[in-house]
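Novice:
Protein chains in written order, with our numbering: chain A, 1 to 114; chain B, 115 to 226.
Here is the structure:
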């Protein structure tokens, strides 16, 4: 089954404790991206990757890191989480980013930073 | 910059009622337009899209027409079901752009 898998689905942590949210896709997609969803703001892009070893900032990259060492995996790293990073996070992938907009989303990871 | 504006929710309807969720956009040029749906506890799924003016996207009984004159892409369905209860997101992008621009989402609640 074609899917994007995120882990963990739910996480409560404390300020400053490093964490990683993993994302894996089995569709051989070139493009992967992370979004955060906040009430009243819709989804905003954090980082994206066009291919292995190619990553770039989205609209709200501050406080986040990513890596793309393999095509299927695109982890999101919070080196020192803060309460304003409490949010619902989605990983997404696509064959290309070329304006088709047909993104495949994971089920989301709800993060709470105390 | 580009933006997408959706009507405030929640929208509460009875089963078999007619649905309209308004979406307007601000952008330079002619973007591709999308509706995504998010069912409870799930990620977003593409519902329909339109890539040029006057195109009509349709899927699962939902329709939306790309109106460049009014910069709108309103979502409609003739008869909603309880299973349509979800959050609906309007979005846009341009060829070569690396991200979608999403609206804030509209929650639809359908009562039996």
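We put the CB at the ideal spot given by N, CA and C, even for glycine.
The model shown is predicted, which means the values in this text are computed figures rather than measured ones.
Looking only at its chain, what residues have a beta carbon closer than 8 Å to the beta carbon of residue 184/B, apart from the 5 residues adjacent to it on each side?
Specialist: Here the set comprises 138.
Novice: Is the region 193-205 of chain B touching the region 215-224 of chain B in the sense that three or more CB pairs, one from each, lie closer than 8 Å?
Specialist: Yes: the two stretches touch, three or more of their Cβ pairs being nearer than 8 Å.
Novice: Taking residue 102/A as the reference, which of 56/A, 22/A, 30/A, 10/A has the closest Cα?
Specialist: Minimum Cα distance to residue 102/A is reached at 30/A.
Novice: Give me the subset of the region 147-158 of chain B whose CB atoms are less than 9 Å from a CB atom of chain A, sorted by chain position.
Specialist: Here the close residues are 147, 148, 150, 152, 155, 156, 157, 158.
Novice: Whole angstroms are fine: how far does the CA of residue 124/B sit from the CA of residue 178/B?
Specialist: Approximately 20 Å, taken between the alpha carbons.
Novice: DSSP three-state call for residue 37/A: helix, strand or coil?
Specialist: Three-state result, residue 37/A: strand.
Novice: Can you tell me where the beta strand (DSSP E) holding residue 28/A begins and where it ends?
Specialist: No beta strand (DSSP E) contains residue 28/A, which DSSP labels as neither H nor E.
Novice: Name the DSSP bridge partner or partners of residue 121/B?
Specialist: In the DSSP output, where bridge partners are listed per residue, residue 121/B has none listed.
Novice: List the endpoints of the continuous beta strand (DSSP E) containing residue 151/B.
Specialist: Per DSSP, residue 151/B belongs to the beta strand (DSSP E) from 146-152.
Novice: Just checking my contact of residue 128/B with residue 225/B at CB under 8 Å: how many whole Å lie between their CB atoms?
Specialist: About 5 Å separates the two Cβ atoms, so the contact holds.
Novice: Can you pull the chain A residues whose beta carbon is under 7 Å from the beta carbon of residue 231/B, in chain order?
Specialist: The structure shown has nothing for residue 231/B, since chain B only spans 115 to 226.
Novice: To the nearest angstrom, report how far apart residue 181/B and residue 119/B are at their CA atoms.
Specialist: If you take the alpha carbons of residue 181/B and residue 119/B, they lie about 15 Å apart.
Novice: Hey, residue 199/B and residue 162/B: beta-carbon distance below 8 Å or not?
Specialist: Taking 8 Å as the Cβ cut-off, residue 199/B and residue 162/B do not qualify as a contacting pair.
Novice: Taking the C-alpha atoms as reference points, what is the distance between residue 25/A and residue 73/A?
Specialist: The alpha-carbon atoms of residue 25/A and residue 73/A are separated by roughly 7 Å.
Novice: So residue 11/A and residue 109/A are supposed to be a Cβ contact under 8 Å. How far apart are they, rounded?
Specialist: Confirmed, Cβ separation roughly 7 Å.
Novice: What's the C-alpha gap between residue 7/A and residue 40/A?
Specialist: Rounded to whole angstroms, residue 7/A to residue 40/A spans 25 Å at the Cα level.
Novice: Which residues in chain B sit within 8 Å of residue 107/A, going by Cβ to Cβ distance?
Specialist: Under the 8 Å cutoff, chain B gives 155, 156, 157.
Novice: For residue 102/A, return the contacting residues in chain B, with the cut-off set at a CB-CB distance below 7 Å.
Specialist: What residue 102/A touches in chain B: 160.
Novice: Measuring CB to CB, does residue 54/A end up less than 8 Å from residue 71/A?
Specialist: No, these two residues do not count as a Cβ contact at 8 Å.
Novice: Return the CA-CA distance between residue 135/B and residue 220/B, expressed in angstroms with no decimal places.
Specialist: For residue 135/B and residue 220/B, the distance between alpha carbons rounds to 8 Å.
Novice: Measuring only the C-alpha atoms, how far is residue 191/B from residue 16/A?
Specialist: Each residue's Cα considered, the two are about 47 Å apart.
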